[in-house]
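Just below is one structure, and these are the notes that go with it.
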Amino acid sequence: MDEHYLAAEVERDAQAFWERTLSFQVTEDPHRPKFYCLSMFPYPSGRLHMGHVRNYTLGDVISRWRRMTGMNVLQPMGWDAFGLPAENAAIQNGVPPARWTYDNIDYMREQLKRLGFAYDWSREIATCRPEYYRWEQWLFTRLYHKGLAYRATAPVNWCPHDQTVLANEQVVDGRCWRCDTPVERREISQWFLRITDYAEELLVDLARLPGWPERVVTMQRNWIGRSEGVEIRFAVAHYGALSVFTTRPDTLMGVTYLAVAAEHPLAVAASATRPDVMRFRDECRLNQTAEAVMETMEKRGVDTGMRATHPLTGADVPVYAANFVLMSYGEGAVMAVPAHDERDFAFAVRYELPIVPVIVPMDYSGDPCALVIAQAYTGEGRLVGSGPFTGISSAQARTDITDALEREGLGTRRVHFRLRDWGISRQRYWGAPIPMIHCPQCGVVPVPDEDLPVVLPEDIVMTQSGSPLKARPDFLNTTCPKCAGPAERETDTFDTFMESSWYYARYCAKDNDQAMLDERVRHWLPVDQYIGGIEHAILHLLYARFFNKLLRDEGLVVTDEPFARLLTQGMVLKDGTKMSKSKGNTVDPQALINQYGADTARLFIMFAAPPEQSLEWNDEAVAGAHRFLKRLWALARVIVALPVSEAGSWAEPHKALRTQIHGLLDQALRDYERYHFNTVVASCMSLVNILQKLADEPASASRARLLREGVSFVLRLLAPIVPHICHKLWAALDFGDTAIIDAPWPVVDQAALCQDTVRMVVQVNGKRRAEIAVAVACDAAEIEAHALRDEAVLKYIEGKPVSKVFVVPGRLINIVLR
RNA sequence: GCCCGAGUGGCGGAAUAGGUAGACGCAAGGGACUUAAAAUCCCUCGGUCGUAAGGCUGUGCCGGUUCGAGUCCGGCCUCGGGCACCA
Numbered sequence: 041m042d043e044h045y046l047a048a049e050v051e052r053d054a055q056a057f058w059e060r061t062l063s064f065q066v067t068e069d070p071h072r073p074k075f076y077c078l079s080m081f082p083y084p085s086g087r088l089h090m091g092h093v094r095n096y097t098l099g100d101v102i103s104r105w106r107r108m109t110g111m112n113v114l115q116p117m118g119w120d121a122f123g124l125p126a127e128n129a130a131i132q133n134g135v136p137p138a139r140w141t142y143d144n145i146d147y148m149r150e151q152l153k154r155l156g157f158a159y160d161w162s163r164e165i166a167t168c169r170p171e172y173y174r175w176e177q178w179l180f181t182r183l184y185h186k187g188l189a190y191r192a193t194a195p196v197n198w199c200p201h202d203q204t205v206l207a208n209e210q211v212v213d214g215r216c217w218r219c220d221t222p223v224e225r226r227e228i229s230q231w232f233l234r235i236t237d238y239a240e241e242l243l244v245d246l247a248r249l250p251g252w253p254e255r256v257v258t259m260q261r262n263w264i265g266r267s268e269g270v271e272i273r274f275a276v277a278h279y280g281a282l283s284v285f286t287t288r289p290d291t292l293m294g295v296t297y298l299a300v301a302a303e304h305p306l307a308v309a310a311s312a313t314r315p316d317v318m319r320f321r322d323e324c325r326l327n328q329t330a331e332a333v334m335e336t337m338e339k340r341g342v343d344t345g346m347r348a349t350h351p352l353t354g355a356d357v358p359v360y361a362a363n364f365v366l367m368s369y370g371e372g373a374v375m376a377v378p379a380h381d382e383r384d385f386a387f388a389v390r391y392e393l394p395i396v397p398v399i400v401p402m403d404y405s406g407d408p409c410a411l412v413i414a415q416a417y418t419g420e421g422r423l424v425g426s427g428p429f430t431g432i433s434s435a436q437a438r439t440d441i442t443d444a445l446e447r448e449g450l451g452t453r454r455v456h457f458r459l460r461d462w463g464i465s466r467q468r469y470w471g472a473p474i475p476m477i478h479c480p481q482c483g484v485v486p487v488p489d490e491d492l493p494v495v496l497p498e499d500i501v502m503t504q505s506g507s508p509l510k511a512r513p514d515f516l517n518t519t520c521p522k523c524a525g526p527a528e529r530e531t532d533t534f535d536t537f538m539e540s541s542w543y544y545a546r547y548c549a550k551d552n553d554q555a556m557l558d559e560r561v562r563h564w565l566p567v568d569q570y571i572g573g574i575e576h577a578i579l580h581l582l583y584a585r586f587f588n589k590l591l592r593d594e595g596l597v598v599t600d601e602p603f604a605r606l607l608t609q610g611m612v613l614k615d616g617t618k619m620s621k622s623k624g625n626t627v628d629p630q631a632l633i634n635q636y637g638a639d640t641a642r643l644f645i646m647f648a649a650p651p652e653q654s655l656e657w658n659d660e661a662v663a664g665a666h667r668f669l670k671r672l673w674a675l676a677r678v679i680v681a682l683p684v685s686e687a688g689s690w691a692e693p694h695k696a697l698r699t700q701i702h703g704l705l706d707q708a709l710r711d712y713e714r715y716h717f718n719t720v721v722a723s724c725m726s727l728v729n730i731l732q733k734l735a736d737e738p739a740s741a742s743r744a745r746l747l748r749e750g751v752s753f754v755l756r757l758l759a760p761i762v763p764h765i766c767h768k769l770w771a772a773l774d775f776g777d778t779a780i781i782d783a784p785w786p787v788v789d790q791a792a793l794c795q796d797t798v799r800m801v802v803q804v805n806g807k808r809r810a811e812i813a814v815a816v817a818c819d820a821a822e823i824e825a826h827a828l829r830d831e832a833v834l835k836y837i838e839g840k841p842v843s844k845v846f847v848v849p850g851r852l853i854n855i856v857l858r
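Mapped onto this note's numbering, the consecutive letters of the first sequence carry residue numbers 41 to 858.
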């Protein structure tokens, strides 16, 4: 053993050992329980960032821990390789996106290896490879035949100067990020997946995910947004029936206007004769597509001149076009009840529309109009001014008014979801081609299985505007599979969320070039532990759940859900904000690895915060982590020189020490179970502190045995976190023939935990006043008597009458005085 | 705007089922060793009053429940994540 801890050498040797012995290559093993541990794969942006290091260290710690508890662990890694940054880099540097991406992958793979992650590299996937995306194309044609993939128009951000579609990220304050031109909305034809067909199941199955954080489940539930209500049809003169969806039919009698989206057919019809409506629609064309922008902008609208007939009263109500009505939700039209909805209220005040209260709180006796002078009343209550419905509760009214509408054929009960169908077309080059052919004779024709994959040409030069695929005749021109006539390929590519929605399954059958998946998915799926950033709580995780159900319905997987347990790691922050390349506040992990080694990087990041919390970066605290590893090394050097004696009795003063050591082991083992790795490290530090003191004592057989036992706990507890140094020290201390990756997980000696007496706190009126030693065998009454005899306690009682005594055995006694 | 979180010493954090607030570490201050420095080791370390023993106070703010609240409930404030074309 070297005198000093040389991380670079230790880590090189350990990694060489794992590589030589193929330690992390796994196959299906019927004799051991399987554990599939998956970290969200990275986008190959160039270099690893701290978020990656945190994510992958967490996954590696869990994987290595499960392996030590006897499980057959699959931990794969791959690359979410398609995406926008590659195109941006290509334009900037004149390098083809493919070349840039593959170079990045090569660099980042080496970084991951240098960090010592226990991946089965034989299963590595890159989503930009045809052997991967061909199966996605294949599945898509299946979905098309099932009617689950369809074409429809949808708005995109359009830069009229660059003649190109912009991502939301490329729109800055309503302008193009490159040329500063105001961005417009443009409706174009795109491909969609019918995720709404699965809305109910995606919602219901959330209840079957006990291993998911409650907040993620809640966010998904709200995102899917199931609401029960009624579709009401208003007759509009010179137009026809206008359908609106509402969850508050009880407020129907308070409707004073209707509002439709600017793109609604009624608004389009009205603009033919009314220039002000036309002007309003033109203005709305400058609105961005992002919902956050839509929802925060000033609420404006225009009277379309159309008049609707109230279905129950027959009164005329105006129809407005308004910028806050979303065409994509419900019917693209709403009934407005300003007295009972905040947004409708603000709009009515602005455009001087009537505000008619129809609901008041149950015990309200004042003037209903007084209730809604300053703001809407959105609560429940009883109906007023509602004709035959006056006097009943709002809950009852929802039923009664809906019944009345249904009887008259003016309304229908409906369940609506906030969730919209998934638009998967991207007008970009660096993505998987959508396997469709546009034939002038036959229309849209899917590419037949035998012609898959539709390979994306990689030798491409990026220009500023539009997809370069349109300029590639060798890609664009093809023949129609149906009529054999000349036809063109679809040049849109898939949303990159498509690739990341099924990669977890492909790892099980990576080498199969005959099928998307095979029987091996039955062995490995579902993923037992998925780990990734909280920023993926909704989109990625919802799409992956959806895809799993699509795969199930194709007979390709048998589980209903892809991820049994989910760990959402917090952000890595610098200066209180997310560390990200777009913000330019990253700390390069490579510098850290070069200076201190992979183990120090891993240790610091596990110790600095619990997994789910955000982690504030601190360069100085890293040195402390490294210092601890040096102390561990020095301790091991003392112990390696000691004689090994297997059994014997414990010297009397060592018994209490051993109780402490097993107590800390017990704590650390529990903390592993609940993924509190920061406190696992804290317990290990405490153990090392104890062992260091013990090492300073005079030599004895009992001391040597306790030191070896203690250090064997520390090494095994730390092995998943700092695997290299533990690999080295485990071998140096000669703890057995197996490497520490397969060493048995430590077990607490329950006998060592037993104590005769325990210290308990005594409170008087809730304030800590004394501490007493109590025999463990004492019952509550004896403890109480003991406390009431204590001199220090009596001083605070001062002879006052005791009204009650609370005893929490092993913890405290609270004496309550009258 | 809507949905979801988080706020504890100078800093990161601990407190497992409502029971001793501040484990473990960082920074800082003091000391030992050293010709010196680095490294290492030892001590102190929420605020406040007190020579001390000890007292009071303290987990973003206001209120509530309880013998007892960092933890539960109601109302705020601030910060962070997501909002469907960043991944």
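For every residue, glycine included, the Cβ atom is placed at its ideal position computed from N, Cα and C.
Quantities reported herein were computed from a predicted structural model and do not represent experimental measurements.
Nearest-angstrom Cβ-Cβ length linking residue i and residue j, presumed shorter than 8 Å
i: I24; j: W231; result: A question about residue 24 goes unanswered here, because the residues of the chain that appear run from 41 up to 858.
i: L98; j: L607; result: 7 Å
i: G595; j: R458; result: Wrong, their Cβ atoms sit about 31 Å apart, outside the cutoff.
i: L565; j: A545; result: 6 Å
i: P136; j: I500; result: 6 Å
i: A641; j: V93; result: 6 Å
i: P841; j: R829; result: Incorrect: roughly 17 Å between the Cβ atoms, too far for contact.
i: T181; j: V487; result: 7 Å
i: W163; j: P116; result: Position check: residue 163 holds Arg in this sequence, whereas Trp was assumed. At roughly 4 Å, the Cβ-Cβ gap stays under 8 Å, so R163 and P116 are in contact.
i: A511; j: L496; result: With a Cβ gap of about 14 Å, A511 and L496 do not count as contacting.
i: A744; j: L682; result: 4 Å
i: D532; j: R453; result: Contact doesn't hold; Cβ gap of about 38 Å is too wide.
i: E601; j: R248; result: 7 Å
i: I823; j: I853; result: 6 Å
Option nearest residue i by Cα separation, candidates the options
i: N133; options: V814, A330, E594 and T503; result: T503
i: N805; options: R799, E831, K844 and P784; result: K844
i: C818; options: V847, L675, Q803 and D407; result: V847
i: S23; options: Q203, G573, Q260 and P195; result: Any answer about residue 23 is impossible in this case: the structure gives the chain only from 41 up to 858.
i: A416; options: S434, P397, S405 and S433; result: P397
i: P401; options: L411, P394, R454 and E392; result: L411
i: G30; options: I441, H580, I165 and P650; result: It is not possible to answer for residue 30, since the shown part of the chain is limited to 41 through 858.
i: R714; options: E822, W657, R605 and V754; result: R605
i: K861; options: G345, L834, E323 and M346; result: Residue numbering for the chain in the displayed model covers 41 to 858; residue 861 lies beyond these limits and cannot be assessed.
CB contact flag (residue i, residue j, <8 Å)
i: S723; j: Q700; result: no
i: V357; j: V295; result: yes
i: V598; j: N588; result: no
i: V50; j: K768; result: yes
i: Q630; j: Q151; result: yes
i: V359; j: L306; result: yes
i: V365; j: A414; result: no
i: R460; j: T236; result: yes
i: W119; j: T167; result: yes
Could you tell me which uninterrupted beta strand (DSSP E) segments, each at least 3 residues in length, are contained entirely in the region 458-515, listed from first to last along the chain? 476-479 and 483-486
Under 8 Å: do the region 737-745 and the region 776-790 share three or more Cβ pairs, one atom per stretch? no
3-residue-minimum beta strand (DSSP E) runs that sit fully inside the region 287-343, ordered along the chain: 297-300
So does the region 363-374 actually touch the region 273-288, counting three or more Cβ pairs closer than 8 Å? yes
Are at least three pairs of beta-carbons, each pair with one atom in the region 214-228 and one in the region 188-204, less than 8 Å apart? yes
Within the region 414-458, note down every full alpha helix (DSSP H) run reaching 4 residues or more, in order along the chain. 434-448
Within 8 Å, do at least three Cβ pairs link the region 379-397 to the region 290-309? yes
Ordered list of beta strand (DSSP E) runs contained in the region 590-638, each at least 3 residues: 606-609 and 612-614
If we count Cβ pairs, one from each stretch, closer than 8 Å, do we get three or more for the region 513-526 versus the region 144-154? no
Which runs of the alpha helix (DSSP H), 4 residues or longer, sit entirely within the region 508-582? 513-516, 543-546 and 560-564
Ranges of the beta strand (DSSP E) found wholly within the region 707-739, counting only runs of at least 3: none
Check whether the region 751-766 touches the region 806-825, taking contact to mean three or more Cβ pairs, one atom from each stretch, closer than 8 Å. no
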